[in-house]
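Note that the numbering used here gives residue 168 to position 153 of the sequence shown, counting from 1, and the numbers run on in steps of one.
No residue lacks a Cβ here, since even glycine has one placed at the ideal position from N, Cα and C.
All remarks here apply to the structure that follows.
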Amino acid sequence: MRNPPEKNTGSKRTKSLLREYTEAIGIAILLALFIRAFVVQAFKIPSGSMKTTLLIGDHILVNKFVYGIRLPILNKEILHFSNPKRRDIIVFQYPVDPSKDFIKRVIGEPGDTVKIIDKKVYVNDQPLDEPYTVFTDPKIQPAGVSPRDNMGPVAVPPDSLFVMGDNRDESYDSRFWKFVKLDALRGEAFIIYCSWNQDGELSLSSSESYIRWNRIGKLLH
16 MRNPPEKNTG SKRTKSLLRE YTEAIGIAIL LALFIRAFVV QAFKIPSGSM
66 KTTLLIGDHI LVNKFVYGIR LPILNKEILH FSNPKRRDII VFQYPVDPSK
116 DFIKRVIGEP GDTVKIIDKK VYVNDQPLDE PYTVFTDPKI QPAGVSPRDN
166 MGPVAVPPDS LFVMGDNRDE SYDSRFWKFV KLDALRGEAF IIYCSWNQDG
216 ELSLSSSESY IRWNRIGKLL H
């Protein structure tokens with residue numbers, strides 16, 4: 016006796032393919048969320064406080080794994096690898112408004128003493144070699160007028176960092192709002208993966224808009 020022919024094989028095949036695509040997309044989304052939460056996250060530079068190391072319109076990747084593993088929702092570190100070192104470029108929650116992320120360079124590590132005399136930075140009474148710095152305002156402010164050019168000495172607490180922007184005359188940093196807590200760290204910036212024009216926008220209709228090809232792939236130091 017002959018078996019009746021199977022029906023709706025095309026419909027079953029379509030459902031099977033749809034399920035495979037749905038599962039693949041779901042896995043890709045979960046993997047992307049995992050990477051963003053624990054491994055690497057992209058950020059855009061909105062200001063000139065780190066120029067010329069970083070320019071407005073630079074898009075960077077931040078290594079969130081280098082210092083430890085932190086649960087994003089609870090903001091609790093579950094594994095600790097190391098603390099940021101002097102001259103590391105870090106992204107962190109802005110102490111005055113944690114809903115914002117800032118990027119600066121580490122100047123003082125926990126336990127360090129930092130002071131500034133006529134724009135020159137001293138850490139533990141030793142002048143700091145800083146080839147990355149830029150000064151856009153030649154005026155040197157007298158001591159006691161502003162912490163921008165003259166400050167300290169201040170002692171960095173055991174759980175904190177003293178950070179500054181490379182563009183010293185146009186950076187709002189630890190000179191004004193003091194320290195960054197270690198538990199506010201997002202990670203270490205390590206590469207520029209894309210860079211738009213000075214306004215940070217890309218417009219194909221504008222002759223003044225362009226991609227900075229020479230900055231793409233630049234490692235940050």
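Other residues of its chain near residue i: CB distance less than 6 angstroms, five sequence neighbours each side excluded
{"i": "E203", "result": "N78, V81, D103 and I105"}
{"i": "I207", "result": "D73, I75, R230 and K233"}
{"i": "L69", "result": "I60"}
{"i": "D184", "result": "F150, T151 and D152"}
{"i": "E92", "result": "G83 and R85"}
{"i": "I44", "result": "none"}
{"i": "Y147", "result": "T68 and D181"}
{"i": "D188", "result": "K119, V178, M179 and G180"}
According to DSSP, residues forming a beta bridge with residue i
{"i": "V111", "result": "DSSP, once it has assigned bridges, lists no residue as partnering V111."}
{"i": "I40", "result": "Paired residue(s): none; I40 is not in a bridge."}
{"i": "F58", "result": "I75"}
{"i": "A204", "result": "V77"}
{"i": "K130", "result": "Y137"}
{"i": "P142", "result": "Y137"}
{"i": "S210", "result": "D73"}
Classification of residue i by the beta-carbon crowding that lies within 10 angstroms, buried from 16 upward
{"i": "M31", "result": "For the record, residue 31 in the displayed sequence is Ser; it is not Met. Its Cβ having fewer than 16 others within 10 Å, S31 is exposed."}
{"i": "V111", "result": "exposed"}
{"i": "N165", "result": "buried"}
{"i": "E124", "result": "buried"}
{"i": "L197", "result": "buried"}
{"i": "D181", "result": "buried"}
{"i": "A39", "result": "exposed"}
{"i": "S186", "result": "buried"}
Simplified DSSP assignment, three categories, for residue i
{"i": "R101", "result": "coil"}
{"i": "G215", "result": "The pLDDT assigned to G215 is 47, lower than 50, so where the model puts this residue is not dependable; a value taken from the coordinates is nonetheless given after this. G215 falls in the coil class under three-state DSSP."}
{"i": "R120", "result": "strand"}
{"i": "S31", "result": "helix"}
{"i": "R85", "result": "strand"}
{"i": "L94", "result": "strand"}
{"i": "L234", "result": "strand"}
Neighbourhood of residue i by C-beta distance below 7 angstroms, restricted to the same chain and skipping five residues each side
{"i": "V121", "result": "P99, K100, R101, R102, D103, I105, L176 and V178"}
{"i": "C209", "result": "H74 and I231"}
{"i": "W192", "result": "P110 and V111"}
{"i": "H236", "result": "none"}
Same chain, Cβ closer than 8 angstroms to residue i, neighbours up to 5 away in sequence not counted
{"i": "D116", "result": "F58, V106, F107, Q108, Y109 and R201"}
{"i": "G215", "result": "In this predicted model, G215 has a pLDDT of only 47, less than 50, meaning its place in the structure is not dependable; the value taken from the coordinates is given anyway. Taken in chain order, the residues that qualify are K59, I60, P61, I71 and G72."}
Any non-hydrogen atom of the ligand NAD closer than 7 angstroms to residue i Cβ
{"i": "G83", "result": "With respect to the ligand NAD, the structure offers nothing, as it holds no ligand at all."}
Note to self: For a minimum of 3 consecutive residues, which ranges assigned as the beta strand (DSSP E) are wholly contained in the stretch 163-193?
What the structure shows: Whole beta strand (DSSP E) segments, 3+ residues: 166-170 and 175-179.
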